[in-house]
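> For the sequence shown, counting from 1, position 343 maps to 351 in this note's numbering; every step adds exactly one.
Glycine included, each C-beta is placed from N, C-alpha and C at the ideal position.
All values reported here derive from a predicted model rather than from experimental measurement.
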Amino acid sequence: DGTGNFTDSGQALADYRTTSVAVVGVDGDGNPDLVEGDYNQVNRIWTNDGNGVFTALGQTETADNTQAILVADLDNDGNPDLIEGNANEATVVNRNDGTGEFVALQPIGRYQTRALALADIDNDGDDDLVEGNYGEDSRIYLNDGTGRFTQPGVTLGRRNTRAIVAGDIDGDGDIDVITGNYNQPNEVWLNVGFGFLNIGQGWGSYRTYALLLADVDNDGDPDLIEGNYNGQPNRIYLNDGAGNFTDAGQLLGANNTTSLALADIDGDNDPDLIEGNYRQPNRVWLNDGAGVYTDSGQIFPSNYTFSVALGDVDGDGTIDMVEGNYGRPNQVYLNDGSGVFSDSSLRLGGNRLTTVIALADVDNDGDADIISGNYRQANHIWINTGFTFSDDQQMGNYDTVTLAVGDLDRDGDLDFVEGNYNRQANRMWENMTLWP
């Protein structure tokens with residue numbers, strides 16, 4: 009109602025196995041929509057009418073085992089495109105036409121994809137794709153600037169990779185990669201201009217599900233946060249500026265962590281941490297400005313969370329949280345500005361098997377829409393129409409476990425790539441909607 013009081017809109021956005029969600033404006037009307045990735049079901053886009061009422065876009069593809077979703081303007085047209093990462097199927101790149109209509113452009117690979125990252129690997133001004141595969145070689149795909157990807161033969165080792173992060177960790181101006189591996193040491197791969205070099209820096213043999221790069225200690229270089237599963241503590245590694253990491257000695261809980269998200273949630277200008285846990289309460293960790301984290305004491309319900317995403321979904325200037333839950337409705341929590349979250353009562357997608365969720369303005373209306381990647385269900389886009397979400401579009405029906413969002417074709421909107429498990433082709437979805 010504008011004063012922080014929320015009432016249930018009464019919307020029940022179907023009943024799927026959602027594994028991932030992203031909030032992004034896809035249809036160019038200024039409202040945040042929703043993209044949903046479903047397990048072994050068709051992925052969906054929900055468009056927001058501006059009054060918080062969400063409707064399915066109606067676009068349906070085959071069912072994928074979607075494990076991850078990324079949103080980014082891949083073709084440089086100003087619209088957010090979508091990448092679906094599917095298990096045992098190809099990764100799929102989807103182009104957004106600017107109104108939230110996505111067209112699958114290209115299947116990429118057919119591996120056990122568990123993680124995706126977008127970054128300008130070859131320094132040509134567009135987003136390239138890093139694909140993390142489980143038990144197979146992780147791979148690099150280069151973007152030609154129009155959202156078309158080619159594989160130059162660069163691989164990042166055959167590991168049980170479940171997480172990927174990309175960034176300039178050694179300060180030389182190019183993009184390096186860190187792989188998070190399950191029951192194997194995590195590894196640093198430095199970009200040497202003609203490929204990637206494993207520098208032999210590996211640490212732990214934990215059950216890593218999530219990685220984040222951020223300057224947590226305010227010394228000007230990106231540090232690493234590691235999220236581990238099966239009761240193993242999450243850890244922080246500090247960067248010396250040359251890409252050498254040391255364990256900070258902080259043990260952040262001992263939970264079934266499946267997802268991590270960083271943002272300044274309490275307004276003190278340092279990155280705080282949200283920990284998404286499976287069958288355990290999610291937690292908020294506050295940064296003191298020097299990279300030391302303390303538990304805020306907030307405990308969320310145990311919602312089988314596989315993915316968390318942070319962004320301003322209600323337009324009040326604070327960082328809110330969207331929770332992607334496996335077999336339970338996805339939920340939105342609102343921030344009061346001091347880092348304290350309250351349940352908004354929004355429930356998105358029924359009991360889908362959501363494995364990954366992402367926030368992005370896919371319809372170019374200035375607010376955060378949601379993309380959910382689901383396992384063996386259709387992925388979905390939920391359009392934000394003024395803090396209500398409509399199920400706008402269903403995309404694919406794969407084993408999606410990861411998503412990457414960016415303007416892949418340089419047309420000004422956000423496209424996305426889905427990473428799929430179980431040797432399903434990964435796919436790129438292009439945003440095809442024209443701007444208003």
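Kindly indicate which residue of ALA222, THR163 and ALA123 has the alpha-carbon position closest to the one of PHE204.
Mapped onto the sequence shown, residue 204 falls at position 196. Ranking ALA222, THR163 and ALA123 by Cα distance to PHE204 puts THR163 first.
> Indicate whether the contact test is met: 3 or more Cβ pairs, each with one atom in the region 31-41 and one in the region 344-354, closer than 8 Å.
Contact between the region 31-41 and the region 344-354 is absent, because fewer than three Cβ pairs lie under 8 Å.
> Give a yes or no on whether the C-beta atoms belonging to ASP176 and ASN151 are separated by under 8 Å.
On the sequence shown, residue 176 is found 168 positions in, with the first residue counted as 1. On the sequence shown, residue 151 is found 143 positions in, with the first residue counted as 1. No, the Cβ-Cβ distance between ASP176 and ASN151 is not below 8 Å.
> Taking DSSP as the reference, what is the three-state secondary structure of ASP272?
On the sequence shown, residue 272 is found 264 positions in, with the first residue counted as 1. Here ASP272 sits in coil by DSSP.
> DSSP state of TYR429, grouped into three classes?
Here residue 429 refers to the residue found at position 421 of the sequence shown. Three-state result, TYR429: strand.
> Spell out the partners DSSP gives ARG166 in its beta bridges.
Here residue 166 is taken as the residue at index 158 of the sequence shown, counted from 1. The partner list for ARG166 (beta bridge, DSSP) reads ASP145.
> What is the rounded straight-line gap between the Cα of ARG166 and the Cα of SER146?
Locating residue 166 in the sequence shown gives position 158, where the first residue counts as 1. Locating residue 146 in the sequence shown gives position 138, where the first residue counts as 1. Cα-Cα distance, rounded: 7 Å.
> Report the three-state DSSP secondary structure of ALA262 (helix, strand or coil).
By 1-based counting over the sequence shown, the position of residue 262 is 254. ALA262 falls in the coil class under three-state DSSP.
> Can you tell me which of the three DSSP states LEU422 falls into?
Against the sequence shown, residue 422 aligns to sequence position 414. Of the three classes helix, strand and coil, the one that applies to LEU422 here is coil, per DSSP.
> Classify GLY201 as helix, strand or coil using the three-state DSSP reduction.
The sequence position of residue 201 within the sequence shown is 193, counting from 1. In this structure, GLY201 counts as coil in the three-state DSSP scheme.
> Might you give, ordered along the chain, the residues of its own chain that have their beta carbon closer than 8 Å to the beta carbon of ASN264, omitting 5 neighbours on each side?
The sequence position of residue 264 within the sequence shown is 256, counting from 1. TYR237, ASN238, GLY239, ASN285, TYR286, ARG287 and GLN288, listed in sequence order.
> Return the chain-ordered list of same chain residues with a C-beta closer than 6 Å to the C-beta of THR302, the five sequence neighbours on each side being excluded.
For the purposes of this step, residue 302 is taken as residue 294 along the sequence shown, with counting starting at 1. The answer, listed in chain order, is LEU294.
> Using the Cβ count rule (16 or more neighbours within 10 Å means buried), how would you classify TYR248?
Locating residue 248 in the sequence shown gives position 240, where the first residue counts as 1. In the sequence as displayed, the identity of residue 248 is Asp instead of Tyr. Exposed is the call here.
> Pull up the distance between the alpha-carbon of THR326 and that of GLY275, whole angstroms please.
Residue numbering aside, residue 326 sits at position 318 when the sequence shown is read from its first letter. Residue numbering aside, residue 275 sits at position 267 when the sequence shown is read from its first letter. Spanning the two alpha carbons is a distance of roughly 8 Å.
> Look at the alpha carbon of ASN13 and the alpha carbon of ASP180, and state the distance between them as a whole number of angstroms.
Indexing the sequence shown from 1 puts residue 13 at position 5. Indexing the sequence shown from 1 puts residue 180 at position 172. Only weak support exists for where ASN13 lies, its pLDDT of 48 falling under 50; the value from the coordinates is given anyway. Those two C-alpha atoms are separated by around 49 Å.
> What residues are listed by DSSP as bridge partners for MET403?
Counting from one through the sequence shown, the residue named residue 403 turns up at place 395. The partner list for MET403 (beta bridge, DSSP) reads ASN387.
> Nearest by alpha-carbon distance to GLU144: which of ASN405, ASN338, ALA123 and GLY106 is it?
Residue numbering aside, residue 144 sits at position 136 when the sequence shown is read from its first letter. The option with the nearest alpha carbon to GLU144 is ALA123.
> Once DSSP output is grouped into helix, strand and coil, what is the label at THR68?
In the sequence shown, counting from the first residue as 1, residue 68 sits at position 60. In this prediction, THR68 scores a pLDDT of 45, lower than 50, which makes its location untrustworthy; no coordinate-derived value is stated.
> Between ARG453 and THR158, what straight-line distance do the alpha-carbon atoms span, to the nearest angstrom?
Residue 453 cannot be examined here, being either before or after the span of the chain that is shown, 9 to 444.
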